[in-house]
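Peer 1: Chains A and B, in that order, give the protein sequences. According to the working numbering, the first sequence is numbered sequentially starting from 1. According to the working numbering, the second sequence is numbered sequentially starting from 1.
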Amino acid sequence: MTSELLNVQGLETQFKTPEGIVHAVNGVGFTLKEGETLGVVGESGCGKSVSMLSILKLIPQPPGKIVAGQALFRGQDLLQMDNDEIRQVRGGQISMVFQDPMTSLNPVMTIGKQMAEPLMLHMGFNKAQARDRSVELLELVGIPRAADRLKDYPHQYSGGMRQRVMIAMALSCSPQILIADEPTTALDVTIQAQIVELVIRLREELGMAIIWITHDLGVVASIAHRVAVMYGGFIIEEASVKELYANPRHPYTIGLIGSLPQIQAQGRKRLYSIEGMPPMLYQKPRSCPFSPRCRWVTERCRNENPLLESINDNHKVACWVDTVTGSERA
Amino acid sequence: MTENEVLIHVDDLKMHFPIYRGVIRRQVGAVRAVDGVSFKIHRGETLGLVGESGCGKSTTGRTMLQLYQPTAGKVFYEDIELTALKNEPMRHMRKNVQMIFQDPYASLNPRMTIRDIVAEPLVAFGTASGKAIDERVRELMGLVKLDPDFMLRYPHEFSGGQRQRIGIARALANNPSFIVCDEPISALDVSIQAQVINLFEDLQKELDLTYLFIAHDLSMVRHISDRVAVMYLGIIVELADRNEIYKNPIHPYTKALLSAIPVADPGFYETHDRIVLEGDVPSPANPPSGCRFRTRCPIAESYCAESRPEFKEVSPGHFVECFKWDHPDNQRR
Chain A
1 MTSELLNVQG
11 LETQFKTPEG
21 IVHAVNGVGF
31 TLKEGETLGV
41 VGESGCGKSV
51 SMLSILKLIP
61 QPPGKIVAGQ
71 ALFRGQDLLQ
81 MDNDEIRQVR
91 GGQISMVFQD
101 PMTSLNPVMT
111 IGKQMAEPLM
121 LHMGFNKAQA
131 RDRSVELLEL
141 VGIPRAADRL
151 KDYPHQYSGG
161 MRQRVMIAMA
171 LSCSPQILIA
181 DEPTTALDVT
191 IQAQIVELVI
201 RLREELGMAI
211 IWITHDLGVV
221 ASIAHRVAVM
231 YGGFIIEEAS
241 VKELYANPRH
251 PYTIGLIGSL
261 PQIQAQGRKR
271 LYSIEGMPPM
281 LYQKPRSCPF
291 SPRCRWVTER
301 CRNENPLLES
311 INDNHKVACW
321 VDTVTGSERA
Chain B
1 MTENEVLIHV
11 DDLKMHFPIY
21 RGVIRRQVGA
31 VRAVDGVSFK
41 IHRGETLGLV
51 GESGCGKSTT
61 GRTMLQLYQP
71 TAGKVFYEDI
81 ELTALKNEPM
91 RHMRKNVQMI
101 FQDPYASLNP
111 RMTIRDIVAE
121 PLVAFGTASG
131 KAIDERVREL
141 MGLVKLDPDF
151 MLRYPHEFSG
161 GQRQRIGIAR
171 ALANNPSFIV
181 CDEPISALDV
191 SIQAQVINLF
201 EDLQKELDLT
211 YLFIAHDLSM
221 VRHISDRVAV
231 MYLGIIVELA
241 DRNEIYKNPI
251 HPYTKALLSA
261 IPVADPGFYE
271 THDRIVLEGD
281 VPSPANPPSG
291 CRFRTRCPIA
301 ESYCAESRPE
311 FKEVSPGHFV
321 ECFKWDHPDN
331 QRR
């Protein structure tokens, strides 16, 4: 868990829309170590998916545009690669699992064919080898009668099974990084628990690093080592998972954790709610993007945007106010 | 609260959707979406209805309001049997029983202004006319904490949370006493969910409302409900007071469902083991014989396949449908 696998700095992505330019990602930076699981949390539109898609250049360009930044994967900048080079990385060393297992599989191709595709492309397998490896992979993710089920089409699989197939496909070339974009959001809780358990087991067996994008703070608590919280296209807080839940420092994180009902709680407390709604990103924020909803807001927050700064070894926060003391940071 | 009068009484409600096949569209089977559920809801109470997708919880809510013609069973509102009402008297009953839908994007007509959407029930029942309509719409928008000056805007100008508030205002227009909330917060972001839940609670206190709160988010259901019913494959497997069911779940399915909830506390998983269920929910067109849950149940026996267990009151107000509810196998949590 020591060497650095991925180092992203100053990533900015914009989209051109008829209403104007949407500044979806406004300077995101983070690192990912070998074998580590990073949880990326935020509400819809905060830029969490777009950041990760940008790293793999999966943003449709146009209307999207990666304006600035670098993403060093083992010292090579992914953002500078041409299409052929990035294709070698995608699905090979870095692979991705998407949210919706219903739409990310091709409905008119058998599961076997779809699984063989990356294997023949990236690993140079022939048909028979690809088939054997597919069976192995399906068994790995817990699909019973794997050899028979290769002939089935996606509609013959349930939602949870399809997500297992997606994970098997993502793992097929032994990636070093698995990016999972809300992989359990479309699933029921009991199926979600199965998938989380599966990913934790596979992580131990295969030792890959994972970026787990989600809006569910509960799922992140059970799977991540480190968590980055995003808001308005920025990472506004980053900490080890225990530190984040025990000592959230950014007003948004505090509100987000406070707005969850406590399952162990006894009485009926009123939920803490963050008033207002997330910003529309038609302008690049010059002030703190959370300032209109923040109860600690000061004059400085409305004029300057705070940068992510370390407050101790494993905790970074982007806020002008120290929410523990309530006074402005020096 | 349980001593209060019963407002809604559902008695062995069934809703089967026929499956037709072949050229002459012969009926070859039925999807047993709801297959005999019974419960009561007291005035001023919130009953939470939880379960996984396809378990029949939404169908139960819709069938109760006669949005589907039930296959069997009765639904009473006070002492009026809704299931026996003809179309016109049922239409008038709808003033008292309302529904809030899951998808705030699909449940509002994009070509109508907020004023027209919220005023529609008023016009339909003739409860207000002329200037009184605008006044009532303003009042309703204030009630759900929306700026009444926005009433001439269209739904697309509002965010998800605001649209859900519009849906709530529409449901409240004719002062209903019972509202079926069908996954009203599932489509919303976390920080917005808390706003809407707080609004539901405020409105309940202010207007003395009774809710059936359908959801798959068990922690939210615990927060808002007085009692909770757990559904699996068309039947209610367990029903109890909210603290009782979360502290002392008895049915193996309830236990697994509760243990599957992700807890926003990283230390929790060091001290707690999860019960992870194998497999998927069977098809409601062809449910297992006997106990519905036996195919995924960790403690099932051969006799579970033979007959359906009784929905039994095991302690006051705590109902469970399981043969092995007090068996030693069922003790571990």
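Note that CB positions come from ideal geometry on N, CA and C, so glycine has one too.
#1: Can PHE293 of chain B and VAL221 of chain B be called in contact, C-beta distance under 9 angstroms?
#2: For LEU56 of chain A, which residues in the same chain have their Cβ closer than 8 angstroms to its Cβ, ignoring the five residues on either side in sequence?
#3: Can you say whether PRO63 of chain A is buried or exposed, counting buried as having 16 or more other CB atoms within 10 angstroms of its CB?
#4: How about ARG249 of chain A and ASP313 of chain A: do their beta carbons lie closer than 9 angstroms?
#5: Taking Cβ-Cβ distances shorter than 8 angstroms, what residues in chain B pair up with LYS16 of chain A?
#6: Of the residues B:SER159, B:ARG165 and B:ALA260, which one's Cα is nearest the Cα of MET99 of chain B?
#7: What is the residue span of the alpha helix (DSSP H) that HIS122 of chain A lies within?
#8: With DSSP as the reference, identify every bridge partner of THR17 of chain A, one or two as the case may be.
#9: Quick check on GLY317 of chain B - is its C-beta less than 9 angstroms from some C-beta in chain A?
#10: Quick one: Cα of GLY29 of chain A to Cα of LEU72 of chain A, how far?
#11: Is the beta carbon of VAL281 of chain B closer than 9 angstroms to that of GLU78 of chain B?
#12: From this set, A:SER49, A:TYR245, A:ASP216 and A:ILE311, which residue's C-alpha is nearest PRO266 of chain B's C-alpha?
#13: Can you check whether the C-beta of ASP188 of chain A is within less than 9 angstroms of a C-beta belonging to chain B?
#14: By DSSP, does HIS16 of chain B sit in helix, in strand, or in coil?
#15: Using only CA atoms, which one of A:LEU121, A:ALA116, A:GLN262 and A:ALA239 lies nearest to LYS151 of chain A?
#16: What are the residues that DSSP puts in a beta bridge with HIS318 of chain B?
#17: Which residue or residues does DSSP assign as beta-bridge partners of GLN70 of chain A?
#18: According to DSSP, simplified to helix, strand and coil, what is MET96 of chain A?
#19: Taking only the alpha-carbon atoms, compute the straight-line gap between VAL10 of chain B and GLY159 of chain A and give it to the nearest angstrom.
#20: Tell me whether TYR157 of chain A sits in a helix, a strand or coil according to DSSP, three-state version.
#21: Who does THR210 of chain B pair with in a DSSP beta bridge?
#22: Helix, strand or coil: how does DSSP classify ASN330 of chain B here?
#23: Quick test of the definition: if touching needs 3 or more C-beta pairs under 8 angstroms, does the segment 289–306 of chain A touch the segment 207–225 of chain B?
#24: Return the chain-ordered ranges of every beta strand (DSSP E) run that is complete within the segment 117–199 of chain B and spans a minimum of 3 residues.
#25: I need the straight-line Cα distance from LYS247 of chain B to ARG274 of chain B, nearest angstrom please.
#26: With 16 other CB atoms within 10 Å as the buried threshold, where does THR17 of chain A fall?
#27: Using a Cβ cut-off of 8 angstroms, pull out every chain A residue sitting near ASP189 of chain B, in sequence order please.
#28: For PHE311 of chain B and chain A, any beta-carbon pair shorter than 9 angstroms?
#29: Spell out the partners DSSP gives SER289 of chain B in its beta bridges.
#30: What do you get for LEU38 of chain A, buried or exposed, if any count of 16 or more other CB atoms within 10 angstroms of its CB means buried?
#31: Chain B beta carbons: is any one of them nearer than 9 angstroms to that of ARG270 of chain A?
#32: Which first and last residues belong to the beta strand (DSSP E) in which GLU309 of chain A is found?
#33: Round the Cβ separation of TYR272 of chain A and ALA72 of chain B to the nearest angstrom and send it over; I've been treating them as touching at under 8 angstroms.
#34: Counting contacts by CB-CB distance shorter than 9 angstroms, is GLU205 of chain A in contact with chain B?
#35: With a threshold of 16 other CB atoms inside 10 Å of the CB of LEU348 of chain B, please say whether the residue is buried or exposed.
#36: Measuring CB to CB, does ALA260 of chain B end up less than 9 angstroms from LEU49 of chain B?
Peer 2: Considering the structure as presented:
#1: no
#2: Taken in chain order, the residues that qualify are LEU78, ILE86, VAL89, ARG90, ILE94, MET96 and ILE179.
#3: exposed
#4: no
#5: Contacts between LYS16 of chain A and chain B, judged by CB atoms closer than 8 angstroms, are missing: the closest CB pair is about 20 angstroms apart.
#6: B:ARG165
#7: 111–122
#8: A:GLY20
#9: no
#10: Straight-line Cα distance between these residues: approximately 11 angstroms.
#11: no
#12: A:TYR245
#13: Output row for ASP188 of chain A: interface = yes.
#14: strand
#15: A:ALA116
#16: BP columns for HIS318 of chain B point to B:SER315.
#17: A:GLN9
#18: The three-state reading of DSSP puts MET96 of chain A in strand, counting E and B together.
#19: 32 angstroms
#20: coil
#21: B:PHE178
#22: helix
#23: no
#24: 178–182
#25: 15 angstroms
#26: exposed
#27: GLU43, SER44, HIS215 and PRO278
#28: no
#29: The partner list for SER289 of chain B (beta bridge, DSSP) is empty, contrary to what the question assumes.
#30: buried
#31: Closer than 9 angstroms to some Cβ of chain B, the Cβ of ARG270 of chain A qualifies, so yes.
#32: 309–312
#33: That belief does not hold up - the Cβ atoms of TYR272 of chain A and ALA72 of chain B are roughly 45 angstroms apart, past 8 angstroms.
#34: no
#35: In the structure displayed, chain B extends from 1 to 333; residue 348 of chain B sits before or after that span and is not available.
#36: no
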